[in-house]
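Chemist:
There are 4 protein chains.
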Amino acid sequence: MTNNEIMTSIKDERLIEKRRNQMIQGAITLFKKKGFHRTTTREIAKESGFSIGTLYEYIRTKEDVLFLVVDAIYDKVKKRLMSMMHIEDPSIEHLMRVIDSYFRVVDDMQEEIIIMYQEVKSLQKHTQEYVLQKERDMVHMLQQLIQTCAPKVSKADAELMANNIFVQGHMWGFRRWALHKPFTLDEYIERQLEYLQITIKNL
Amino acid sequence: MTNNEIMTSIKDERLIEKRRNQMIQGAITLFKKKGFHRTTTREIAKESGFSIGTLYEYIRTKEDVLFLVVDAIYDKVKKRLMSMMHIEDPSIEHLMRVIDSYFRVVDDMQEEIIIMYQEVKSLQKHTQEYVLQKERDMVHMLQQLIQTCAPKVSKADAELMANNIFVQGHMWGFRRWALHKPFTLDEYIERQLEYLQITIKNL
Amino acid sequence: MTNNEIMTSIKDERLIEKRRNQMIQGAITLFKKKGFHRTTTREIAKESGFSIGTLYEYIRTKEDVLFLVVDAIYDKVKKRLMSMMHIEDPSIEHLMRVIDSYFRVVDDMQEEIIIMYQEVKSLQKHTQEYVLQKERDMVHMLQQLIQTCAPKVSKADAELMANNIFVQGHMWGFRRWALHKPFTLDEYIERQLEYLQITIKNL
Amino acid sequence: MTNNEIMTSIKDERLIEKRRNQMIQGAITLFKKKGFHRTTTREIAKESGFSIGTLYEYIRTKEDVLFLVVDAIYDKVKKRLMSMMHIEDPSIEHLMRVIDSYFRVVDDMQEEIIIMYQEVKSLQKHTQEYVLQKERDMVHMLQQLIQTCAPKVSKADAELMANNIFVQGHMWGFRRWALHKPFTLDEYIERQLEYLQITIKNL
DNA sequence: GATGAATGAGCATTCATTCAT
DNA sequence: GATGAATGAATGCTCATTCAT
Chain A
1 MTNNEIMTSI KDERLIEKRR NQMIQGAITL FKKKGFHRTT TREIAKESGF SIGTLYEYIR
61 TKEDVLFLVV DAIYDKVKKR LMSMMHIEDP SIEHLMRVID SYFRVVDDMQ EEIIIMYQEV
121 KSLQKHTQEY VLQKERDMVH MLQQLIQTCA PKVSKADAEL MANNIFVQGH MWGFRRWALH
181 KPFTLDEYIE RQLEYLQITI KNL
Chain B
204 MTNNEIMTSI KDERLIEKRR NQMIQGAITL FKKKGFHRTT TREIAKESGF SIGTLYEYIR
264 TKEDVLFLVV DAIYDKVKKR LMSMMHIEDP SIEHLMRVID SYFRVVDDMQ EEIIIMYQEV
324 KSLQKHTQEY VLQKERDMVH MLQQLIQTCA PKVSKADAEL MANNIFVQGH MWGFRRWALH
384 KPFTLDEYIE RQLEYLQITI KNL
Chain C
407 MTNNEIMTSI KDERLIEKRR NQMIQGAITL FKKKGFHRTT TREIAKESGF SIGTLYEYIR
467 TKEDVLFLVV DAIYDKVKKR LMSMMHIEDP SIEHLMRVID SYFRVVDDMQ EEIIIMYQEV
527 KSLQKHTQEY VLQKERDMVH MLQQLIQTCA PKVSKADAEL MANNIFVQGH MWGFRRWALH
587 KPFTLDEYIE RQLEYLQITI KNL
Chain D
610 MTNNEIMTSI KDERLIEKRR NQMIQGAITL FKKKGFHRTT TREIAKESGF SIGTLYEYIR
670 TKEDVLFLVV DAIYDKVKKR LMSMMHIEDP SIEHLMRVID SYFRVVDDMQ EEIIIMYQEV
730 KSLQKHTQEY VLQKERDMVH MLQQLIQTCA PKVSKADAEL MANNIFVQGH MWGFRRWALH
790 KPFTLDEYIE RQLEYLQITI KNL
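Chains as they are written, first to last, in my numbering: chain A, 1 to 203; chain B, 204 to 406; chain C, 407 to 609; chain D, 610 to 812.
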């Protein structure tokens with residue numbers, strides 16, 4: 001399943017894209033405030049700037065909106081992550097720079113990431129799988145970057161580290177009640193990177 | 204707010220405890236399968252072994268059930284964590300043993316922990332705060348254990364490490380789709396502990 | 407149907423009377439505040455000083471409570487009215503004195519009278535009829551007093567006047583929002599009595 | 610608060626009016642039979658000719674229906690009263706003619722008036738006040754008519770008389786069990802008007 | 001006689017979805 | 001393509017009444 005396998009009765013592709021983007025923006029705004037379940041389709045339509053009837057011209061069920069949203073969030077993270085990944089010179093420093101950037105991306109997208117932690121389970125198994133694959137892909141990219149930049153790290157270690165880094169990024173968002181008081185973002189990044197460097201060097 | 208500030212019209216304290224435990228068990232079973240929002244109060248009553256009327260003799264709103272559940276989960280983790288924490292001899296080895304146990308506890312409670320990640324946000328701010336305080340307390344315990352067992356680690360580092368460890372525990376549950384294929388629990392624990400030891404030694 | 411035709415499983419007559427009086431007092435307090443429909447049987451039991459189980463030992467349905475209440479209110483008005491009615495000397499002055507007293511009784515029982523205006527319709531037809539008969543009896547007493555004290559007034563006029571007087575009494579209670587600002591009770595009574603006297607004299 | 614401050618999600622004003630009228634008619638039919646509290650919203654929807662969902666598109670709570678009903682009843686009485694009030698020649702005869710008409714209006718609306726006596730108290734204080742103001746306005750109109758047609762009557766007397774007349778009208782409806790046997794409507798009106806005329810002339 | 005825990009039918013209200021215009 | 005009125009199944013919650021202790 002992909003984004004454009006969602007049923008619609010509209011022919012004009014350009015319009016579909018435009019409407020769905022409106023919908024995603026509107027829905028994200030609302031999901032941030034109230035979560036998926038407490039948000040009604042009417043509210044989504046209104047926030048998106050069109051009528052409930054029109055909403056249902058572009059999706060089939062409320063869950064489709066959630067899918068569109070989650071998918072869009074993943075794509076956004078992925079796109080921003082990708083733009084930093086092209087390896088100029090495969091050094092530890094370069095790895096650190098990428099991870100630093102990643103932490104800043106998730107800082108910027110804290111609320112979107114919280115949505116994902118809370119709502120992915122509400123997707124159908126099938127759709128969930130599609131979305132998780134995207135996450136796996138991203139983790140895999142990071143894993144490979146680790147292996148490239150720190151060739152001595154084993155594949156298994158690289159994989160686990162990639163997961164650790166990913167979750168440490170998210171954690172900055174979903175545990176802000178625990179972390180934002182003792183640390184600034186810069187401090188947080190600096191510490192996590194230091195732990196990682198130490199680990200890589202001394203494995 | 205504490206567990207027994209939830210309104211009930213029942214006078215027999217022993218019965219309240221018994222019925223609420225039935226309720227918590229029933230609700231957890233259902234929340235694992237369908238989440239809080241998709242579970243109806245009628246289903247909770249049925250699964251708990253009594254009627255909808257009886258359910259509402261022991262709580263006031265559906266959210267009370269969620270609170271009871273989340274509170275019970277935290278208490279269970281905390282209790283099991285506490286039982287391992289009494290310091291015999293404050294060494295790195297002892298620290299590792301405690302964390303190892305912690306990882307095994309959360310492995311055992313994976314689904315309960317997923318419930319928390321998904322549903323804590325559905326609690327009222329006020330109740331949420333009460334619950335998060337419990338988590339803070341646990342993290343704090345771990346932080347202090349780190350400082351005791353590894354006195355050279357700074358307070359800030361101990362705090363961040365405690366948070367990292369906590370989330371790495373949870374992560375084993377909520378990212379099983381990413382971790383359970385490449386790692387067994389033993390491998391997972393062994394790797395995470397090794398990273399930690401390296402970091403502590405080389406900070 | 408009478409008061410003691412209401413089913414009960416209790417044998418001790420004295421106890422029945424005691425409990426029912428508690429119940430009536432409790433219910434009136436609550437009905438004044440919230441009306442019959444918004445008051446629960448649990449509240450009535452509590453306000454009466456015993457348990458819901460006990461309440462149902464002395465009545466069969468919630469409507470029985472309403473009946474007991476309405477019946478008690480009528481009896482109280484009637485008793486107080488009766489105590490003034492024994493004719494010493496059948497003059498217009500005496501008639502006016504009785505009516506004056508009646509107005510003061512209903513002033514004293516405003517809220518009870520409002521209960522009746524609002525809730526009698528909630529009784530079963532059968533019970534309603536029993537209660538209305540009590541009102542008819544009272545009106546009839548007044549009618550006869552009028553005829554005795556003002557023999558020239560026709561039977562029909564006496565009947566209509568009696569009804570007018572009754573309702574003017576109630577009106578002081580249920581239209582206080584219209585009457586209590588422009589008139590004191592004394593002024594109200596004085597005016598109504600004057601209109602009546604004029605009418606009787608000039609018919 | 611006015612009629613069209615009641616929340617609705619419908620945009621078509623004409624439709625709102627149409628549906629609300631259906632609703633008012635349906636509700637009055639049911640309230641006459643069973644009163645407000647014993648009538649369910651589903652019954653109201655059905656009697657009005659649409660589904661429960663549609664009902665709630667035009668109101669927010671069940672109490673809104675009661676308000677709509679009470680408001681409509683007042684408006685109807687007021688409209689019919691107003692249509693008779695334009696003073697051609699300010700004489701006692703004219704006053705009597707207006708009051709005669711008023712009695713015939715309330716005869717026609719007996720059951721609606723009973724609804725008001727029973728249910729106004731169920732409105733929120735705020736809404737209740739709005740409705741009572743309408744009644745005050747009507748009484749005030751009558752009071753002024755009395756003063757115009759019988760200039761010797763004092764303001765206070767005119768006010769009390771206006772209230773008496775109003776309640777005598779209602780009384781014909783809510784005490785039919787006491788009045789409809791001894792009197793026809795014509796007799797009732799004739800007698801009440803005579804008492805009034807006598808009083809005015811001899812004050 | 002008194003108690004209060006248990007019951008479940010019943011109610012107000014919501015909201016995803018459809019479809020005529 | 002867009003609109004928004006209509007629908008009714010579903011849901012949280014209440015409360016009169018019963019009955020075992």
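Even for Gly, the Cβ is constructed at its ideal location relative to N, Cα and C.
With a threshold of 8 Å between beta carbons, is M407 of chain C in contact with chain D?
Modeler: Note that M407 of chain C has pLDDT 43, beneath the 50 cutoff, so the model's placement of it is unreliable and the number below is only indicative. So no, M407 of chain C is outside the interface.
Chemist: From what residue to what residue does the alpha helix (DSSP H) around V263 of chain A run?
Modeler: One cannot answer for residue 263 of chain A here, as it falls past the ends of chain A, which runs 1 to 203.
Chemist: Sorry if obvious, but does the Cβ on S415 of chain C come closer than 7 Å to a heavy atom of the ligand ATP?
Modeler: In the structure shown, the ligand ATP is absent, as is every other ligand, since no ligand is present at all.
Chemist: Name the chain A residues that come within less than 9 Å of A353 of chain B, Cβ to Cβ?
Modeler: What A353 of chain B touches in chain A: nothing, since even the nearest Cβ is about 13 Å away.
Chemist: Under 8 Å between the Cβ atoms of T605 of chain C and I807 of chain D?
Modeler: In contact: T605 of chain C and I807 of chain D (Cβ atoms closer than 8 Å).
Chemist: Determine the chain C residues that contact K730 of chain D at a beta-carbon separation under 8 Å, and present them in chain order.
Modeler: Here the neighbours are G441, I520, Q524.
Chemist: Considering Cα atoms alone, identify which of B:M210, B:V356, B:D215, B:V272 is closest to F239 of chain B.
Modeler: B:V272
Chemist: Taking Cβ-Cβ distances shorter than 8 Å, what residues in chain C pair up with M694 of chain D?
Modeler: Ordered by position in chain C, no residue passes the 8 Å Cβ test against M694 of chain D, which lies about 19 Å from the chain.
Chemist: Output, in chain order, the set of chain D residues within a Cβ distance shorter than 7 Å of R542 of chain C.
Modeler: The answer, in chain order, is A787.
Chemist: Inspect the beta-carbon positions of I520 of chain C and G459 of chain C and report whether they are closer than 8 Å.
Modeler: no
Chemist: Mapping DSSP to helix, strand and coil, what is I615 of chain D?
Modeler: coil
Chemist: Suppose the cutoff is 6 Å on Cβ atoms and the five residues either side in sequence are ignored; what does the same chain contact list for G432 of chain C look like?
Modeler: I450, E453, S454
Chemist: Taking L142 of chain A as the reference, which of A:E187, A:M84, A:E13 has the closest Cα?
Modeler: A:M84
Chemist: Using the beta-carbon of each residue, which ones in chain C are nearer than 7 Å to E768 of chain D?
Modeler: P588
Chemist: Cβ closer than 9 Å: which chain C residues qualify as neighbours of L677 of chain D?
Modeler: Identification of chain C residues near L677 of chain D by a Cβ-Cβ cut-off of 9 Å yields none; the smallest Cβ-Cβ distance measures about 19 Å.
Chemist: Suppose the cutoff is 7 Å on Cβ atoms and the five residues either side in sequence are ignored; what does the same chain contact list for E116 of chain A look like?
Modeler: In the sequence as presented, Glu is not what sits at residue 116 of chain A; that position holds Met. Counting only Cβ-Cβ distances below 7 Å, and skipping sequence neighbours, we find V70, I73.
Chemist: Look up R597 of chain C in the DSSP assignment and say whether it is helix, strand or coil.
Modeler: Correct three-state label for R597 of chain C: helix.
Chemist: Does DSSP classify D107 of chain A as helix, strand or coil?
Modeler: helix
Chemist: Going along the chain, which unbroken runs of the alpha helix (DSSP H) with 4 or more residues stay wholly within the region 439-467 of chain C?
Modeler: Counting only runs of 4 or more, we get 447-454, 458-464.
Chemist: Just to confirm, are I209 of chain B and I302 of chain B a CB contact at a threshold of 8 Å?
Modeler: No; because the gap between Cβ atoms is not below 8 Å, this pair is not in contact.
Chemist: According to DSSP, simplified to helix, strand and coil, what is D292 of chain B?
Modeler: coil
Chemist: Could you tell me which chain A residues have their CB closer than 8 Å to the CB of Q371 of chain B, listed as they occur along the chain?
Modeler: N164, V167
Chemist: Give every residue of the same chain whose Cβ lies closer than 8 Å to the Cβ of L179 of chain A, excluding the five residues on either side of it in the sequence, and list them in chain order.
Modeler: M171, W172, Y188
Chemist: If we ignore side chains and look at the alpha-carbon of each, how far apart do H140 of chain A and E159 of chain A end up?
Modeler: Between H140 of chain A and E159 of chain A, the alpha-carbon positions lie close to 7 Å from each other.
Chemist: Mind pulling the chain C residues with CB within less than 8 Å of A681 of chain D?
Modeler: Result: empty, since nearest Cβ-Cβ is about 20 Å, beyond 8 Å.
Chemist: Mind checking which residues open and close the alpha helix (DSSP H) that includes Q336 of chain B?
Modeler: Segment 328-352, the alpha helix (DSSP H) holding Q336 of chain B.
Chemist: Taking 7 Å as the limit between beta carbons, can you name the residues of its chain near R486 of chain C, skipping five residues before and five after?
Modeler: Here the set comprises V511.
Chemist: Starting from R379 of chain B, trace the alpha helix (DSSP H) in both directions and tell me its first and last residue.
Modeler: 379-382
Chemist: Can you check whether the CB of L258 of chain B is closer than 8 Å to the CB of M226 of chain B?
Modeler: yes
Chemist: On the CB-based measure, 16 or more other CB atoms within 10 Å of its CB, does N224 of chain B come out buried or exposed?
Modeler: Counting C-beta atoms within 10 angstroms of its own C-beta, N224 of chain B has fewer than 16 neighbours from the protein chains shown and is therefore classed as exposed.
Chemist: Quick one: Cα of E190 of chain A to Cα of S357 of chain B, how far?
Modeler: Straight-line Cα distance between these residues: approximately 15 Å.
Chemist: Can you find the residues in the same chain that come closer than 6 Å, C-beta to C-beta, to K281 of chain B, ignoring five residues on each side of it along the sequence?
Modeler: M341
Chemist: When DSSP labels each residue in this structure, what does F386 of chain B get in the three-state scheme?
Modeler: coil
Chemist: Give the secondary structure of K558 of chain C by DSSP, where H, G and I count as helix, E and B as strand, and everything else as coil.
Modeler: K558 of chain C falls in the coil class under three-state DSSP.
Chemist: So what does DSSP say about K429 of chain B, is it helix, strand or coil?
Modeler: This structure leaves residue 429 of chain B out entirely; chain B is present only between 204 and 406.
Chemist: Using a Cβ cut-off of 8 Å, pull out every chain A residue sitting near V413 of chain B, in sequence order please.
Modeler: For chain B, the structure presents residues 204 to 406; residue 413 of chain B sits outside this window and is missing.
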